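Below is one structure, written out as structure tokens, with a few remarks after it.
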Amino acid sequence: MKVVRYDQTPVWNAPGQETRRVKLYATPEDLGTKGLTVGMSIYGPGMAAPWHTHDSEETMFVIHGKGKFATRKESVEASAGDLLYFPPGEEHMLECVGDTSLEILWVYTPPGAEKPIKESWVRRK
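Following my numbering, the numbering of the sequence shown begins with 450 at its first residue and continues without gaps.
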């Protein structure tokens, strides 16, 4: 068994966006996972992820707050307790709406979509 503690997990900031953060909990390089990557995104009020795609499936579970999630075909608001799924290659975006942070636990299957974070985001600890 391996345990990854919240307060011991490195934080990555989006370049120039101090209130848009990611914590990578389980990656092949860091934890030895074979078929997935697990992470958490935290968006401050008004922060957004622009339109993007992944080669992996992405499943998101909203832990806290409220966000707008969109594909090129539809847009929804989701809040704590809601789950969203994006198949590989589906272009999507999201943004924090409201006065509190949006916190999302996400899973990429297979792993690999986390690599741009490690390559271009700023590691905080």
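Positions of the beta carbon are idealized from the N, C-alpha and C atoms, including for glycine.
All values derive from a computational prediction rather than experimental measurement.
message: So within the segment 505-533, which uninterrupted beta strand (DSSP E) runs reach at least 3 residues, ignoring any that extend past its ends?
response: If we require 3 residues or more, the beta strand (DSSP E) runs fully inside the segment 505-533 come out as 506-513, 515-520, 524-528.
- prompt: How big is the Cα-Cα spacing for Thr468 and Pro494?
  reply: Taking the first residue of the sequence shown as 1, we reach residue 468 at position 19. Taking the first residue of the sequence shown as 1, we reach residue 494 at position 45. Distance from the CA atom of Thr468 to the CA atom of Pro494, rounded to whole angstroms, is 8 Å.
- request: Just mark Trp461 as buried or exposed, buried being the case when its beta carbon has 16 or more other beta carbons within 10 Å.
  value: Residue 461 sits at position 12 when you count from the first residue of the sequence shown. Per the 10 Å Cβ criterion, buried.
- request: Express the C-alpha separation of Asp456 and Pro477 in angstroms, rounding to a whole number.
  value: Numbered from 1 along the sequence shown, position 28 holds the residue referred to as residue 477. Numbered from 1 along the sequence shown, position 7 holds the residue referred to as residue 456. Cα to Cα, the separation comes out at about 20 Å.
field: Reference Trp500, options Arg454, Gly481, Lys567, Phe535, closest by Cα
entry: One-based indexing of the sequence shown puts residue 500 at position 51. For the residues Arg454, Gly481, Lys567, Phe535, the minimum Cα distance to Trp500 belongs to Phe535.
Per-residue DSSP class, three states only, for Glu568: Numbered from its first residue, the sequence shown carries residue 568 at position 119. Correct three-state label for Glu568: helix.
message: When you compare the CB positions of Thr508 and Leu473, do they come within less than 8 Å of one another, or not?
response: Counting from 1 along the sequence shown, the entry for residue 508 is found at position 59. Counting from 1 along the sequence shown, the entry for residue 473 is found at position 24. Not in contact: Thr508 and Leu473 (Cβ atoms no closer than 8 Å).
task: Buried or exposed for Arg463, please, with buried defined as at least 16 other CB atoms from any protein chain shown within 10 angstroms of its CB.
output: For the purposes of this step, residue 463 is identified with residue 14 of the sequence shown, where counting begins at 1. In the sequence under discussion, the amino acid at residue 463 is Ala, which differs from the Arg named in the question. When all chains shown are included, Ala463 counts as buried.
- prompt: What number of angstroms, rounded off, separates the C-alpha of Lys517 from the C-alpha of Leu554?
  reply: Counting from 1 along the sequence shown, the entry for residue 517 is found at position 68. Counting from 1 along the sequence shown, the entry for residue 554 is found at position 105. Distance between the alpha carbons of Lys517 and Leu554 is about 15 Å.
message: Excluding the 5 residues flanking Pro459 on each side, which residues of the same chain have their C-beta closer than 8 Å to its C-beta?
response: Mapped onto the sequence shown, residue 459 falls at position 10. Apart from the 5 residues on each side of it in sequence, Pro459 sits with its Cβ closer than 8 Å to the Cβ of Lys472, Leu473, Arg572, Arg573, Lys574 in its chain, given in chain order.
query: So, using beta-carbon positions, are Ser528 and Val556 closer together than 8 Å?
result: Position 79 of the sequence shown, counted from the first residue, corresponds to residue 528. Position 107 of the sequence shown, counted from the first residue, corresponds to residue 556. No, they are not a contact pair.
When Thr486, Ala498, Val487, Gly481 are compared against Gly465, the one with the closest alpha-carbon: Counting from 1 along the sequence shown, the entry for residue 465 is found at position 16. For the residues Thr486, Ala498, Val487, Gly481, the minimum Cα distance to Gly465 belongs to Ala498.
- prompt: In terms of residue numbering, what span does the beta strand (DSSP E) encompassing Glu478 cover?
  reply: One-based indexing of the sequence shown puts residue 478 at position 29. Counting along the chain, Glu478 falls outside any beta strand (DSSP E), and DSSP gives it neither H nor E.
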